[in-house]
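Residue numbers (my numbering): 2 to 181.
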C-alpha cells in the first residue's frame, strides 16, 4: 500500500495495491499494521455509508470532545471531492483546508485525524461514500462549519451544490471557538 503524507500534519492518504484480472479486482482496504506504520492507530468502532447523487455536498462536520472522531474515508462507487479543515487551535495550519479526490477506480482512502472538520461533494451520481470512525455518533457532540465560508475559500468545483438546510446554517470559522 502506498502511503502519502499531506501538508496538514497527521493527514494521510492510502493508495492500495490493486490486483485485477478478467474476473475483477481485489485489494486490501485496511491493515492495522500498515496504518500503524503511517502513524494511524485507532480502535475503529463504527462504519457509516452514504449514497449521493452528483452535486450533493455534505459537511463540514465534526464531533466535539469527548466524542471526537478520527475518520478513514473512501468511495466504493463513483467519485467525490473530499475536503477537511484543520480546527486544532495550536496547529500552524489552523483554518487551512485540504481537498483530495476520492475515486472508486483508484481505491484511495483518506485518514482524517481528530480536530478536523470533514465534508465532501459527490462528483457522480450514485456515489457511495464509506466512513470508518474512531468513536460512536453522538448527536449532542455534533458540530460543523459552513461549507461556503469565504475565509476558508474552498473550491468545491461545483456551482450550485445540493446542501441540507442544517448545513446551510452552520457557523463561519470566525464565529467558531474550537474545542480542539
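All residues carry an ideal CB built from backbone N, CA and C; glycine is no exception. These numbers come from a predicted model, not from an experiment.
- Unbroken beta strand (DSSP E) runs of no fewer than 3 residues, entirely contained in the stretch 131 to 157, are found at 143 to 145, following chain order.
- Following the DSSP letters along the chain, one finds residue 87 in no alpha helix (DSSP H) but inside the beta strand (DSSP E) bounded by residues 80 to 87.
- Excluding five sequence positions before and after residue 78, the CB atoms of its chain that fall closer than 7 Å to its own CB belong to 105, 127, 128, 129, given in chain order.
- Put simply, of 27, 47, 8 the residue whose alpha carbon is nearest the alpha carbon of residue 136 is 47.
- Between the C-alpha atoms of residue 155 and residue 82 there is a straight-line separation of about 11 Å.
- Bridge partners of residue 22 according to DSSP: 25.
- CA-CA distance, residue 58 to residue 74, rounds to 15 Å.
- Straight across, the Cα-Cα distance linking residue 37 with residue 4 is about 11 Å.
- For residue 169, the enclosing alpha helix (DSSP H) stretches over residues 166 to 169.
- For residue 165 and residue 145, the gap between their C-alpha atoms comes out near 13 Å.
- By the C-beta density criterion, residue 118 is buried, having at least 16 other C-beta atoms within 10 angstroms.
- Distance from the CA atom of residue 167 to the CA atom of residue 76, rounded to whole angstroms, is 23 Å.
- About 6 Å separates the Cβ atoms of residue 174 and residue 153, confirming a contact at the 8 Å cut-off.
- Residue 84 sits buried, since 16 or more C-beta atoms from the chains shown fall within 10 Å of its C-beta.
- Between the alpha carbons of residue 139 and residue 171 lies a gap of roughly 17 Å.
- Taking the Cα of residue 99 as reference, the smallest distance to any Cα among 35, 32, 112, 65 is reached at 112.
- Taking C-alpha positions only, residue 50 is separated from residue 176 by approximately 30 Å.
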